[in-house]
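**Q**
Number of protein chains: 2
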Amino acid sequence: MKVSELALAGGITAETVRHYTREGLLHPRRDPANGYQVYDGADVSKLCFIQCLRSLGCSLSEIRGVLDASLQKNVPCPETYRFLADRQPSVHARIQELETLVVRLEQTLEAWQAMPGDVPSGHQVSRLVENLKQPAIIQAGMSPL
Amino acid sequence: MKVSELALAGGITAETVRHYTREGLLHPRRDPANGYQVYDGADVSKLCFIQCLRSLGCSLSEIRGVLDASLQKNVPCPETYRFLADRQPSVHARIQELETLVVRLEQTLEAWQAMPGDVPSGHQVSRLVENLKQPAIIQAGMSPL
DNA sequence: TTAAATCCTTGGGGTAGCACAAAGGTCAAA
DNA sequence: TTTGACCTTTGTGCTACCCCAAGGATTTAA
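Chains as they are written, first to last, in this note's numbering: chain U, 5 to 149; chain W, 5 to 149.
Below, the structure is given as C-alpha cells:
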C-alpha cells in the first residue's frame with residue numbers, strides 16, 4: 005500500500021505518515037520501478053500503536069525507542085513494559101487535571117447562565133471568571149499531555 | 005514585580021512569561037530607570053487564567069483574543085462565554101479518550117505481569133501489546149489537548 | 001491513445017510554544 | 001568595591017507537524 009492509503013487507514017494525513025517515516029518510526033520498502041514508498045498491514049497496526057502512545061503523551065523519539073527495542077528482540081521487551089508502566093501516573097494526573105478544569109468551567113458557565121439579563125455585564129460577571137483564575141493545579145510542563 | 009517573581013508565582017519559567025509578553029498576553033509597564041518589565045498582582049491572576057485555558061487546549065492567540073475582549077469591555081463579554089462554552093465538548097472528548105487509553109494500558113500491563121516467568125517473552129507477549137494496537141479513538145488533530 | 005486528473009517524489013519554508021545561550025546592564029550583600 | 005545573582009535584548013534550536021512547488025509516474029475518461 006502507498007502513503008495515502010496507509011494514511012487513510014490510520015486516520016491521519018499522508019504528510020504525517022511521511023514525517024513518521026523520515027523520523028524512523030516506519031520503514032517502508034521502495035518500489036524500484038517508481039521510487040514509491042510501500043507499506044503493509046503491519047504498518048497499519050504499528051500506526052495505531054504510535055497513535056496510542058502519542059495520545060498518551062509520548063514523543064516521537066520515545067516511540068521510536070520502544071518500536072526499535074521491540075523490533076530488535078522481535079518481541080515486546082521488559083524495557084517496553086517499564087516504559088508503558090512509567091506512563092501511567094502522568095496519564096492519571098492529566099485526567100485528574102482535565103476533570104478539575106472541566107468542573108470549574110461548568111461552574112463558571114452555569115453561574116453565567118443563571119444570571120439575570122441576556123447579556124450579563126458589570127462586576128457580577130467579573131467574579132464568575134475569577135473562578136477560572138484560581139491557582140493552577142498544573143505542574144510545570146505537564147499540560148500538553 | 006519582575007519577570008522571575010511573576011514566573012515563580014505562576015509556577016512557570018521566566019522565559020515563558022517573556023514569551024507571553026512578546027505574544028501580547030501580558031502588558032507589563034517599563035521601569036524607566038533600568039528598562040525592566042514590571043508586573044503586578046493582576047498579572048498573577050491573569051497568568052492563572054492563561055494556564056487554565058492552555059490546559060484546556062487553547063492556543064496563545066485564542067487566549068489573547070479572550071483577554072483582549074474582556075479588557076476592552078472591562079468585563080467578560082458574551083464572546084468569552086461562547087468561547088468557553090465551545091470548549092466543553094472537546095475537553096469531555098479528550099477525557100474520554102484518555103480514560104479509554106488508560107484502561108487499555110492497564111489491561112496490557114496487568115496481563116503482562118500475570119504472565120509466568122520473570123521476563124515474559126515470545127508471541128505470548130506480542131498478543132498483549134496487540135491490545136494497544138487497536139484502531140485509535142482519536143480524531144484527527146485533537147490529541148494535543 | 002492521448003490528455004487530464006491524480007497520484008508520487010524531494011526540497012524548502014512556516015507554525016506554536018517554548019528552551020537555551022550570548023553579550024551586556026543592574027543590584028544587593030560582603 | 002567586587003562578586004554573584006539577577007535583569008535586558010537578540011538570536012538560534014527544538015518538536016511535531018502543515019503547506020507549497022517542481023517534476024515525474026500513474027490512473028482514468030473520452
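Don't be surprised by glycine CBs; every beta carbon is placed ideally from N, CA and C.
Between the segment 40–66 of chain U and chain W, which residues of the former have a C-beta closer than 7 Å to a C-beta of the latter?
**A** From the segment 40–66 of chain U, only S49, C52, F53, Q55, C56, R58, S59, L60 have a Cβ closer than 7 Å to chain W.
**Q** Verify whether the separation of the beta carbon atoms of T2(W) and P36(W) is less than 9 Å.
**A** Residue 2(W) lies beyond the residue range present for chain W, which begins at 5 and ends at 149; the question has no answer from this structure.
**Q** How about R108(W): is its C-beta nearer than 9 Å to some C-beta of chain U?
**A** It does; some Cβ of chain U falls within 9 Å.
**Q** Using only CA atoms, which one of V48(U), N38(U), F87(U) lies nearest to G61(U)?
**A** The candidate whose alpha carbon is nearest that of G61(U) is F87(U).
**Q** Does V7(W) get closer than 9 Å to chain U when you measure Cβ to Cβ?
**A** No, V7(W) lies away from the interface with chain U (no Cβ there is under 9 Å from its Cβ).
**Q** If you draw a straight line from the alpha carbon of L102(U) to that of L30(U), how long is it in whole angstroms?
**A** Roughly 32 Å between the two C-alpha positions.
**Q** Identify the contact partners of Q92(W) in chain U, using a Cβ-Cβ distance below 8 Å as the criterion.
**A** Those are V106, L109, E110, L113, listed as they occur along chain U.
**Q** In chain order, what residues of the same chain lie with their CB nearer than 8 Å to the CB of C81(U), ignoring the 5 residues before and after it?
**A** Cβ within range, chain order: A73, S74.
**Q** By the criterion of Cβ-Cβ separation under 8 Å, what are the contact partners of H96(U) in chain W?
**A** Going along chain W in sequence order, the residues near H96(U) (Cβ under 8 Å) are V106.
**Q** To the nearest angstrom, how far is it from the Cα of L71(W) to the Cα of V21(U)?
**A** When rounded, the distance between both Cα atoms is 37 Å.
**Q** For the candidate residues H23(W), D44(W), E110(W), whose alpha-carbon lies nearest to that of A13(W)?
**A** Checked all of H23(W), D44(W), E110(W); the closest Cα to A13(W) is D44(W).
**Q** Return the CA-CA distance between Q55(U) and I54(W), expressed in angstroms with no decimal places.
**A** Distance between the alpha carbons of Q55(U) and I54(W): 28 Å.
**Q** Can you pull the chain W neighbours of L102(U), defined as C-beta to C-beta under 7 Å?
**A** Correct list: V95, R98, I99.
**Q** Are the C-beta of A118(U) and some C-beta of chain W separated by less than 9 Å?
**A** No, A118(U) does not count as interfacial toward chain W.
**Q** Just reading off the alpha helix (DSSP H) that P82(W) is part of, what are its end residues?
**A** Run containing P82(W): 82–117, per the alpha helix (DSSP H) assignment.
**Q** Answer with buried or exposed for Y85(W), where buried requires no fewer than 16 other C-beta atoms within 10 angstroms of its C-beta.
**A** Y85(W) is buried by the Cβ-count criterion.
**Q** In whole angstroms, what separates the C-alpha of L109(W) from that of M5(W)?
**A** Each residue's alpha carbon lies about 45 Å from the other.
**Q** Buried or exposed: which applies to R91(U), given that a residue is buried once 16 or more other Cβ atoms fall within 10 Å of its Cβ?
**A** Result: buried.
**Q** Answer with buried or exposed for Q143(W), where buried requires no fewer than 16 other C-beta atoms within 10 angstroms of its C-beta.
**A** The predicted position of Q143(W) is uncertain, since its pLDDT is 47 and thus under 50; a value taken from the coordinates is nonetheless stated next. Exposed: under 16 other Cβ atoms inside 10 Å.
**Q** Please confirm whether L88(U) has its beta-carbon closer than 9 Å to some beta-carbon of chain W.
**A** L88(U) counts as touching chain W.
**Q** Which residue spans inside the segment 6–91 of chain W form an unbroken alpha helix (DSSP H) run of at least 4?
**A** With a minimum length of 4 residues, the continuous alpha helix (DSSP H) runs that stay inside the segment 6–91 of chain W are 7–14, 18–26, 45–59, 64–76.
**Q** Near G28(U), which residues of its chain fall below 6 Å by C-beta distance, leaving aside the five closest residues on each side in sequence?
**A** Hits under 6 Å: R68.
**Q** Among V42(W), R34(W), A18(W), A89(W), which one has its Cα closest to the Cα of A150(U)?
**A** Beyond the ends of chain U as shown, which are 5 and 149, falls residue 150(U); an answer cannot be given.
**Q** Would you please verify whether the beta carbon of Y85(W) is less than 9 Å from any beta carbon of chain U?
**A** Yes - at least one Cβ of chain U is within 9 Å of the one on Y85(W).
**Q** Look at the alpha carbon of S8(W) and the alpha carbon of D47(U), and state the distance between them as a whole number of angstroms.
**A** If I take the Cα positions, the gap works out to 47 Å.
**Q** Check each candidate in L51(W), L64(W), T104(W), A118(W) and name the one with the smallest Cα separation from I16(W).
**A** Looking at the Cα atoms, L51(W) is the closest of the given residues.
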